[in-house]
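Trainee:
This is how it looks when you write it as structure tokens:
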């Protein structure tokens with residue numbers, strides 16, 4: 001079984017599966033809208049036993065809506081003596097385009113957890129903090145949820161609250177360090193750099209160390225944060241990255257906080273590819289004004305095709321396409337041993353001709369290999385395509401993208417050659 005068609009905004013897991021006669025399988029269809037819009041389409045499953053081929057189409061419908069708030073998933077109070085109170089700030093950041101009032105409540109553990117605010121009003125784009133308290137009523141672990149509800153029938157934003165009660169003589173063990181994350185989420189262009197501006201505070205002046213962890217990232221991402229409290233970070237795929245900053249003092253006590261970063265595509269043409277089995281898969285972009293996408297000789301031609309041989313390390317095709325530096329693409333990196341991603345950027349695409357996208361299984365021998373290619377135009381996802389390679393030296397033309405008066409159009413292709421380069 002293979003997934004041969006996935007509309008933009010959706011992912012299917014697994015994308016391929018070997019089935020025994022009479023067996024059943026379950027697939028997960030995930031919805032990741034990149035913008036506020038309707039995302040309707042058909043997910044196509046294909047089964048081929050070598051003799052017969054059958055297809056099943058599943059209608060999928062979804063709507064991307066604006067998230068009204070960014071907030072940490074959890075608040076950890078650490079160890080607190082029974083009967084004493086620890087107060088921590090909870091950072092709230094509005095992502096709505098209007099003012100919204102949230103009712104604040106605690107669900108479960110109300111005898112130990114509390115909030116200094118019962119109602120919070122956030123203006124459009126406003127960031128602020130509210131105080132949340134933990135007063136353990138007994139020894140042991142305590143947990144609750146803080147709920148922020150924008151309307152009576154709305155799904156609330158939930159923050160998990162955790163902490164532990166201890167005897168009064170816990171001393172320095174109760175003085176946990178505080179992790180300090182940036183107050184508001186970030187948004188940068190994919191494959192550019194930012195600094196994760198973290199910090200740590202210890203009430204007992206104990207030396208602390210910082211460690212940033214990527215806890216969620218777009219499927220296919222291999223990006224990792226550097227060391228220290230303020231490492232550099234470059235997102236390698238478009239999407240949302242959530243981090244946890246863990247700070248640890250000399251006694252081994254730790255505290256944490258969370259931060260979110262959104263990587264957005266260039267406002268022109270961005271094509272990214274990643275795959276599920278480590279090996280050498282290559283991404284290609286063909287200037288269809290210089291070559292026919294269905295002619296094998298057009299590909300791997302350094303004048304008409306942008307790929308690893310002529311577009312990495314700051315290089316662009318030679319001669320430049322359409323007589324312009326910004327009208328000529330570049331490839332961010334040639335991944336040989338991992339699972340990607342590889343990304344091609346074109347800052348100023350021409351409206352005079354189309355651009356074809358190809359992927360090549362250069363030497364990835366484990367089979368099958370599922371390759372996902374995402375095409376962004378004008379800052380929005382316009383196509384997500386999955387190609388499955390069953391042997392090395394296979395090449396597939398994913399499709400063709402062209403600028404139009406209202407944005408871009410995409411034409412699927414599917415031409416495949418075996419034993420190719």
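Residue numbers (my numbering): 1 to 421. Even for Gly, the Cβ is constructed at its ideal location relative to N, Cα and C.
#1: For a test of the three-state rule: what should DSSP assign to residue 417, helix, strand or coil?
#2: Of all the CB atoms in chain D, is at least one closer than 8 Å to the CB of residue 297?
#3: For the candidate residues 250, 110, 406 and 387, whose alpha-carbon lies nearest to that of residue 412?
#4: Is residue 249 buried or exposed, if buried means 16 or more other CB atoms sit within 10 Å of its CB?
#5: What are the boundary residues of the beta strand (DSSP E) that includes residue 115?
#6: Excluding the five sequence neighbours on either side, which residues of its own chain have a C-beta within less than 6 Å of the C-beta of residue 275, listed in chain order?
#7: So the candidates are 349, 337, 212 and 195; which of them puts its Cα closest to the Cα of residue 179?
#8: Using three-state DSSP, classify residue 322 as helix, strand or coil.
#9: Please state whether DSSP places residue 297 in a helix, a strand or coil.
#10: Could you check the C-alpha separation between residue 314 and residue 329 for me, to the nearest Å?
#11: At what residues does the beta strand (DSSP E) containing residue 69 begin and finish?
#12: Quick one: give me the first and last residue of the beta strand (DSSP E) that residue 353 is part of.
#13: Could you say which of 352, 63, 273 and 344 lies nearest to residue 288 if we only look at CA atoms?
#14: With C-beta atoms as the reference, is residue 190 less than 8 Å away from residue 261?
#15: Just to check my reading of the structure: residue 306 and residue 344 have Cβ atoms closer than 8 Å, yes? What is that Cβ distance to the nearest angstrom?
#16: How is the beta strand (DSSP E) around residue 345 delimited, first residue to last?
#17: Hey, residue 232 and residue 246: beta-carbon distance below 8 Å or not?
#18: Which residue or residues does DSSP assign as beta-bridge partners of residue 53?
#19: In this structure, does DSSP put residue 255 in helix, strand or coil?
#20: In angstroms, rounded to a whole number, what distance separates the CA positions of residue 41 and residue 143?
#21: Within 10 angstroms of the Cβ of residue 396, are there 16 or more other Cβ atoms? Answer buried if so, exposed if not.
#22: Could you name the residues of the same chain whose beta carbon sits closer than 8 Å to that of residue 267, not counting the 5 residues immediately before and after it, in chain order?
#23: So, helix, strand or coil for residue 313, using DSSP?
#24: If we count the other Cβ atoms within 10 Å of its Cβ and call it buried at 16 or more, is residue 187 buried or exposed?
#25: Count the other C-beta atoms from every protein chain shown that fall within 10 angstroms of the C-beta of residue 51, then say buried if there are 16 or more, exposed otherwise.
#26: Given residue 138, which residues of its chain have a CB within under 7 Å of its CB, disregarding the five upstream and five downstream residues?
#27: What's the C-alpha gap between residue 177 and residue 28?
#28: Does the distance from the C-beta atom of residue 311 to that of residue 286 stay below 8 Å?
#29: Would you list the one or two residues that DSSP bridges to residue 402?
#30: Between the alpha carbons of residue 68 and residue 30, how many angstroms are there, rounded?
#31: By how many angstroms is the C-alpha of residue 103 removed from the C-alpha of residue 240?
Mentor: According to the structure data:
#1: Taken through DSSP and simplified to helix, strand or coil, residue 417 comes out as strand.
#2: No chain D appears in the structure shown, which is made up of a single protein chain.
#3: 387
#4: Its Cβ being crowded by 16 or more others within 10 Å, residue 249 is buried.
#5: 113 to 115
#6: 281, 339, 340, 369 and 371
#7: 212
#8: Look at residue 322 here: in three-state DSSP terms it is helix.
#9: It is helical.
#10: 10 Å
#11: Residue 69: member of the beta strand (DSSP E) spanning 69 to 71, first to last residue.
#12: Residue 353 -> no beta strand (DSSP E), and no H or E assigned at all.
#13: 352
#14: no
#15: 6 Å
#16: 342 to 346
#17: no
#18: 48
#19: strand
#20: 41 Å
#21: In this structure residue 396 is buried. Its beta-carbon is surrounded by 16 or more other beta-carbon atoms within 10 angstroms.
#22: 378 and 379
#23: For residue 313, the three-state secondary structure derived from DSSP is coil.
#24: Exposed.
#25: exposed
#26: 82 and 165
#27: 40 Å
#28: Not a contact, by the Cβ cut-off of 8 Å.
#29: 409
#30: 21 Å
#31: 27 Å
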